[in-house]
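Everything on this sheet refers to the single structure shown next.
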Amino acid sequence: MLAIWLAVILVTLYVLYSYITRVKYNCPGPSNWPVFGCLFQLESDRHHFSFDRWAKKFGPIIRCKIASTNMYVISSTRLIKKAFAEKSYSDVLNDRPDTFYAKYIMDDSKGVLFGKYGPTLIRLRKIMHKGLKMYGEGVKQFESIAHTELDQLTNRLSDLGGQDFDPKPFISRSLASIIGILLTGSMVDESDADLIWKYVNTANDMFHMSTDVILYLFPFLRFMPVEVGRRYRRIMETKKELLDKFFVLQKDTYVPGCERGLIDALFNIQSQEKSVGDSQWLTDSQIKAFIQDIIDAGLITTRNFLMCILLVLLHHHECVDRMYEEIVDVVGLERSPSLKDRPNMPYTEAVILEALRYNTHVPLGLPHGAMEDVEFEGYKIPKGSMVIPNIWTAHHDPAIWGDPWVFRPDRFLDDNGELLPPEHTLRQSLVIFGAGKRACVGETLAKSRIFLYLTTFIQKFDFVLPKGGTVSSDDPREFVPGAVLRPHDYMMRLKVR
1325 MLAIWLAVIL VTLYVLYSYI TRVKYNCPGP SNWPVFGCLF QLESDRHHFS FDRWAKKFGP
1385 IIRCKIASTN MYVISSTRLI KKAFAEKSYS DVLNDRPDTF YAKYIMDDSK GVLFGKYGPT
1445 LIRLRKIMHK GLKMYGEGVK QFESIAHTEL DQLTNRLSDL GGQDFDPKPF ISRSLASIIG
1505 ILLTGSMVDE SDADLIWKYV NTANDMFHMS TDVILYLFPF LRFMPVEVGR RYRRIMETKK
1565 ELLDKFFVLQ KDTYVPGCER GLIDALFNIQ SQEKSVGDSQ WLTDSQIKAF IQDIIDAGLI
1625 TTRNFLMCIL LVLLHHHECV DRMYEEIVDV VGLERSPSLK DRPNMPYTEA VILEALRYNT
1685 HVPLGLPHGA MEDVEFEGYK IPKGSMVIPN IWTAHHDPAI WGDPWVFRPD RFLDDNGELL
1745 PPEHTLRQSL VIFGAGKRAC VGETLAKSRI FLYLTTFIQK FDFVLPKGGT VSSDDPREFV
1805 PGAVLRPHDY MMRLKVR
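Note that the numbering used here has the sequence shown beginning at 1325, numbered continuously upward.
Structure follows, in structure tokens:
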């Protein structure tokens, strides 16, 4: 009899333990189908919509599964920063998961964006940060490059004579020129700019979660006459063209000790290692991936954001008027805006911050990978899991923003019209460039380009609606989907001031 009671007690304790464990470690989320998990429940190309819907239903941390991969999606700014910036978690959650894109497009996770976490990645990030030179004399050098290009761009726009035009090709050509100078030290011609954008566009077409998962599960499809196979072959062909121009040709003309641009700086590191007999850690494959990183991350995000903010300002001309008044007061009309003017232009900075939040043109951050089992917010995240920052939901949380779907720059200003300090809750709630050790290395460069382009445009031109008086919607929920969102094509006019 005693044995029976002991058995009952043990079974009861086991059931209670199992229940507690299940409640603690079974993170909520959508149902998962055999083999494919939640893949077919994700909205095609609009995964951020699905994650947003699930976050509202299940909470700020959800678990879903695609094939054998556990995915944990974090939709709260506080938790995104906790996971990726607090040391107790960032040491575990700052790897990159295995993906088809990383393996086949980035040569087994080479480079900074997709590199595995470790000493090599840390060294690469330091080189990239130094190469972008957004500090000290490097700022002056960048401003000189930017002003030269912006002078040419504004001249081309002035020649339009106030006619309707599509701003995308003008911005694309201009940004490609600046990237070309950073990489090689010289301006790119029109054919090279076209090549750069051909690569960027094919990469953006390829970098979709659903495409990546299908090819990761069935890699043989990359050789088949199906759409995912065609996407793969297009990017590999374009990648070869790009690297023939920006790696092979650059290396063929490289002179040891010289430094025409960032690529030569990488060759110099290789040369110095060879001269002292060290084992070479910076390989040609890593330099090639480095070039892809700079072009991938440095172009499409900035171009699409500029396209977004120009469209928003066409819908909110009162913002253009206030920015112009601030430019006249701080900069005047005799010289070009400078990065030194930024601290004295709070309203312009508020417009940029609000546009970054409102548009959230990069709705999902690059996936992180768990390097070991970790308990996070009461849930167990197993080793090898994919952890995705859902920036879209974080930037449109009514509990934080109140009216998240209203473009309102004044939310970032205090009662005296000054920019809220960086430690303010709203400033802290922006995570467009990520957080922690894998935050975007090019954040300063991106913000600097945005400021110079926007202030130069508004100093030189007034923004006018196209003939007919209407443009496409500035609501980011209606933008063209992709890894980076963009508004539908639109026309506008510029009136020379």
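Cβ coordinates follow ideal geometry from the N, Cα and C atoms, glycine included. Given the structure is predicted, the values throughout are model-derived calculations rather than measurements.
Take the Cβ of ALA1807 as the centre, count every other Cβ of all protein chains shown within 10 Å, and call the residue buried at 16 or more, exposed below. Note on ALA1807: 16 or more other CB atoms within 10 angstroms of its CB, so buried under the neighbour-count rule.
Buried or exposed: which applies to ARG1821, given that a residue is buried once 16 or more other Cβ atoms fall within 10 Å of its Cβ? Answer is exposed; the Cβ neighbour count stays below 16.
Check this for me: beta carbons of ASP1536 and TYR1441, under 8 Å apart or not? Going by beta carbons, ASP1536 and TYR1441 fall outside the 8 Å limit.
C-beta contact flag for GLY1361 and LYS1389 at 8 Å: Between GLY1361 and LYS1389, the CB-CB gap stays under 8 Å.
In this structure, what does DSSP give as the bridge partners for ARG1387? ARG1387 pairs with TYR1396.
Less than 8 Å separating the beta-carbons of LEU1417 and ALA1694? Result yes, Cβ atoms of LEU1417 and ALA1694 sit closer than 8 Å.
With DSSP collapsed to three states, give me the class of PHE1781. Of the three classes helix, strand and coil, the one that applies to PHE1781 here is helix, per DSSP.
To which residues of the same chain is VAL1332 closer than 6 Å at the C-beta, ignoring the five residues directly before and after it? With a pLDDT of 45 at VAL1332, under the threshold of 50, the predicted position of this residue should be treated as unreliable, though the coordinate-derived value follows. Leaving aside the five residues that flank VAL1332 on each side, none in its chain has a CB nearer than 6 Å to its CB.
How is ILE1715 classed by DSSP in three states: helix, strand or coil? Of the three classes helix, strand and coil, the one that applies to ILE1715 here is helix, per DSSP.
With DSSP run on the structure shown, which of helix, strand or coil describes PHE1489? PHE1489 falls in the strand class under three-state DSSP.
With a 10 Å radius around its C-beta and 16 neighbouring C-beta atoms as the bar for buried, classify VAL1572 as buried or exposed. Counting Cβ neighbours within 10 Å, VAL1572 comes out exposed, since fewer than 16 surround it.
Specify the secondary structure class of LEU1810 as computed by DSSP and reduced to three states. Residue identity check: residue 1810 is Arg in the sequence provided, not Leu. Per DSSP, reduced to three states, the secondary structure at ARG1810 is strand.
The region 1657 to 1669 in contact with the region 1514 to 1533 per 3-pair CB rule at 8 Å: Touching, no, given that fewer than three Cβ pairs across the two stretches are closer than 8 Å.
Does GLY1455 come out as helix, strand or coil in the three-state DSSP assignment? When DSSP states are grouped into helix, strand and coil, GLY1455 belongs to the helix group.
Under a three-way DSSP split, which group does THR1503 fall into? Per the sequence presented here, residue 1503 reads as Ile, with Thr not at that position. The answer is helix: DSSP assigns ILE1503 an H, G or I state.
Does DSSP put ARG1773 in a helix, a strand or coil? In this structure, ARG1773 counts as helix in the three-state DSSP scheme.
Buried or exposed: TRP1605, going by 16 or more other Cβ atoms within 10 Å of its Cβ? Answer is exposed; the Cβ neighbour count stays below 16.
Tell whether a beta-carbon distance below 8 Å holds between VAL1755 and ILE1715. Yes, Cβ-Cβ distance for VAL1755 and ILE1715 is below 8 Å.
When LEU1744, PRO1443, ARG1681, ARG1810 are compared against PHE1757, the one with the closest alpha-carbon: Ranking LEU1744, PRO1443, ARG1681, ARG1810 by Cα distance to PHE1757 puts ARG1681 first.
Does the region 1761 to 1768 come within contact of the region 1780 to 1800, defined as at least 3 CB pairs closer than 8 Å? Note that the region 1761 to 1768 does not touch the region 1780 to 1800; fewer than 3 beta-carbon pairs, one per stretch, sit closer than 8 Å.
Can you tell me whether ALA1391 is buried or exposed? The criterion is at least 16 other CB atoms within 10 Å of its CB, across all chains shown. Counting Cβ neighbours within 10 Å, ALA1391 comes out exposed, since fewer than 16 surround it.
Please go through the same chain and pick out, in chain order, the residues whose beta-carbon is closer than 8 Å to the beta-carbon of TYR1343, but skip the five residues on each side of it. Low per-residue confidence applies at TYR1343: pLDDT is 40, beneath 50, and the placement is therefore not dependable enough to give any value.
Is ILE1619 near the ligand MG - that is, is its Cβ less than 7 Å away from at least one heavy atom of it? The model depicted lacks the ligand MG and carries no ligand whatsoever.
Note the first and the last residue of the continuous alpha helix (DSSP H) segment covering ILE1651. Looking at the DSSP string, the run of the alpha helix (DSSP H) that includes ILE1651 is 1641 to 1654.
N- and C-terminal bounds of the beta strand (DSSP E) containing GLU1699: It spans 1698 to 1700 - the beta strand (DSSP E) in which GLU1699 sits, taken as one unbroken run.
What separation, rounded to the nearest whole angstrom, lies between the Cα atoms of MET1485 and PHE1629? According to the sequence as given, residue 1485 is Gly; it is not Met. C-alpha separation (whole angstroms): 25 Å.
What is the DSSP secondary structure of PHE1375, reduced to helix, strand or coil? DSSP places PHE1375 within a helical segment (H, G or I) once states are collapsed to three.
Return the CA-CA distance between MET1710 and ARG1387, expressed in angstroms with no decimal places. C-alpha separation (whole angstroms): 10 Å.
Residues of its chain near MET1533, where Cβ-Cβ distance is below 6 Å and the 5 sequence neighbours each way are ignored: Around MET1533: HIS1371.
Taking the alpha carbon of THR1393 as the reference point, which residue from ASP1813, THR1749, LEU1818, LYS1707 has its own alpha carbon closest? Comparing alpha carbon positions, the residue from ASP1813, THR1749, LEU1818, LYS1707 closest to THR1393 is LYS1707.
Could you name the residues that DSSP lists as bridge partners for GLY1693? ASP1419, MET1710.
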